[in-house]
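Colleague: The opening residue of the sequence shown carries number 3 in the numbering used here; numbering runs sequentially from there.
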Amino acid sequence: MVPECGARVLVIGWGMALRRVTGCALVVALGALAGCTAQDSPETAPAAASQPPSVEVTDVDDVVGDLDVPWGLAFLPDGDAVVTLRNEAALVVVGPDGSATDVTGPGADELTDLVVPGGEGGLLGVTVLGADGTTVDLALYATAADDNRVLRGTLDGSVLGDLRPILTGIEKAGNHNGGRLAVGPDGFLYVTTGDAGDPPSAQDPDSLNGKILRITPDGEPAPGNPDDGSPVWSLGHRNVQGLGWAPDGRMFASEFGQNTWDELNVIEPGANYGWPEVEGIGDGFVSPVAQWPTTDASPSGLAVTDEGVYLAGLRGERLWRVPLTDDGVGTPGALLEGERGRLRAVEPAPDGSLWVVTGNTDGRGDVRDGDDRILRLVVD
3 MVPECGARVL VIGWGMALRR VTGCALVVAL GALAGCTAQD SPETAPAAAS QPPSVEVTDV
63 DDVVGDLDVP WGLAFLPDGD AVVTLRNEAA LVVVGPDGSA TDVTGPGADE LTDLVVPGGE
123 GGLLGVTVLG ADGTTVDLAL YATAADDNRV LRGTLDGSVL GDLRPILTGI EKAGNHNGGR
183 LAVGPDGFLY VTTGDAGDPP SAQDPDSLNG KILRITPDGE PAPGNPDDGS PVWSLGHRNV
243 QGLGWAPDGR MFASEFGQNT WDELNVIEPG ANYGWPEVEG IGDGFVSPVA QWPTTDASPS
303 GLAVTDEGVY LAGLRGERLW RVPLTDDGVG TPGALLEGER GRLRAVEPAP DGSLWVVTGN
363 TDGRGDVRDG DDRILRLVVD
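1) Pull up the distance between the alpha-carbon of W294 and that of D382, whole angstroms please.
2) Could you compute how far the alpha carbon of L140 sits from the alpha carbon of G196?
3) How many angstroms separate the CA atom of D298 from the CA atom of R317?
4) The beta strand (DSSP E) spanning T86 covers which residue range?
5) When the Cβ atoms of the segment 100–113 are set against those of the segment 162–169, are three or more pairs found closer than 8 Å?
6) Answer yes if the segment 174–184 comes into contact with the segment 222–236, meaning at least three C-beta pairs across the two stretches below 8 Å, and no otherwise.
7) Going by DSSP in three states, L210 sits in which element: helix, strand or coil?
8) In this structure, what does DSSP give as the bridge partners for I376?
9) Report yes if the CB atom of P350 is closer than 8 Å to the CB atom of A305, and no otherwise.
10) Could you check where the alpha helix (DSSP H) with A347 kicks off and where it finishes?
11) What residue range does the alpha helix (DSSP H) around G109 cover?
12) At the level of alpha carbons, what is the spacing between A34 and G124?
13) So, for G81: in the same chain, excluding its five sequence neighbours on each side, which residues have a beta-carbon less than 7 Å away from its beta-carbon?
14) Under 8 Å, do I283 and V242 count as touching if we go by C-beta distance?
15) Hey, T129 and A76: beta-carbon distance below 8 Å or not?
16) Check the DSSP bridge columns for V188 and list the partner residues they point to.
17) Using the three-state DSSP reduction, which class does S203 fall into: helix, strand or coil?
18) Can you tell me where the beta strand (DSSP E) with R323 in it begins and where it stops?
19) Ignore the nearest five residues each way along the sequence and tell me which others in G199's own chain have a CB closer than 6 Å to its CB.
20) Taking the C-alpha atoms as reference points, what is the distance between E112 and L210?
21) Span of the beta strand (DSSP E) holding N150?
22) Short of 6 Å in beta carbon distance, which residues of its chain neighbour A408, apart from the five on each side in sequence? Order them along the chain.
23) With DSSP as the reference, identify every bridge partner of A336, one or two as the case may be.
24) Which partner residues does N274 have in the DSSP bridge list?
25) Does the beta-carbon of S302 have 16 or more other beta-carbons within 10 angstroms, so that it is buried, or is it exposed?
26) Given that a residue counts as buried once 16 or more other Cβ atoms are within 10 Å of its Cβ, and exposed if not, what is P290?
27) Please say whether N362 and D371 have beta carbons closer to each other than 8 Å?
28) Comparing alpha-carbon positions, which option in V62, Y143 and G135 lies nearest L116?
29) Can you list, in chain order, the residues of its chain whose CB lies under 7 Å from that of E257, leaving out five sequence neighbours each side?
30) By DSSP, does Q293 sit in helix, in strand, or in coil?
31) If we ignore side chains and look at the alpha-carbon of each, how far apart do G180 and E339 end up?
32) Quick one: Cα of T307 to Cα of V324, how far?
33) On a Cα-Cα basis, can you pick out the residue from L131, G354 and P207 that is closest to P187?
34) By the three-class DSSP mapping on this structure, what secondary structure does T307 have?
35) Nearest-angstrom Cα distance between W357 and W73?
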């Protein structure tokens, strides 16, 4: 699937030249690319708005600080959140009141023994599979000695029970480990994996790497996957670290580019998003609905609300908001630009705010006093 003339792809950046313009007439207005083929792009793309249209940040405050390389965040049924610490291979339960409780128990001890942090690997994604009273069923994405794997265990208050692996054999590397977990509207577990420094693996249907996977809570390929018996939901990904669903069912994923374009994609089952053959808009593959120069984004976590998609930018040091429209997406704009440093994750909170996780202690940012933090962001 490639965009036809009349399709709309948003290209964000200033003065970024694309050398693929060969066909259709282009109409570019504040980053919107209309009337193109997959190989068409603007010679120069206008800058995104510094603030999203019709959206205003009304409040930003710190929920908690002094976290060491926080990575994933998932809200629990009681309104608290469980946060992964990548390098410490530890979990912290954070309350809206700013309380922070270290998770203990046999599962916490297992993580200490199992997880091998290094580079971009460690204890990464977390999501809630279900709950029964005070007991919450968690899935965790972890880098072990020989692979990346998905683990399952129960959290009761701040005590983590025994863990069991439900998916193993995802290749690991110093970078491109993927690691985001999310439960879809269909109740199945979605897992993002990176190419682990082996780009051709993204195009190999038999490899777990460079994919979005869809599995049952027990780790089996989910029924209805494109290839029966395979966990692969989509392929051709370099390093997806953000997942979310719009109210209309559209599945969004954010993806790190190499040196040219970061992407926001709408994910369809069985679709091929092109890596390593293309980065951004490309012939013969599904093109992103929005793309950014890598210096402006490097998107990690992603959150979807009723009105927009929010992407946490690492190198870009800003929170991008992409409005949702009836026929696609609107013009992206930036929040928190240059204010809080690198942003690792973003999640919608039960009270309607957004919780944003900073990422300045990961070895690539400028550490401020009190980093890393979880911010509570309110927008109107």
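Glycine residues also receive a C-beta, built at the ideal position from the N, C-alpha and C atoms.
Modeller: So, from the data block:
1) 25 Å
2) 22 Å
3) 7 Å
4) A83 to L87
5) yes
6) no
7) coil
8) V66 and V359
9) yes
10) Looking at the DSSP string, A347 is not in any alpha helix (DSSP H); the run it does join, the beta strand (DSSP E), is L345 to P350.
11) P108 to L116
12) Bear in mind that a pLDDT of 36 at A34, under 50, signals an unreliable position, so the model cannot answer this.
13) P98 and P352
14) no
15) yes
16) The residue asked about is misnamed: residue 188 is Asp in this sequence, not Val. Beta-bridge pairing links D188 to no other residue.
17) helix
18) L321 to T327
19) A175 and H178
20) 24 Å
21) N150 to D158
22) With the chain covering 3 to 382 only, the question about residue 408 has no answer from this structure.
23) W322
24) L237
25) buried
26) buried
27) no
28) Y143
29) H239, R240, N241, V242, D264, E265 and N267
30) strand
31) 25 Å
32) 10 Å
33) L131
34) coil
35) 13 Å
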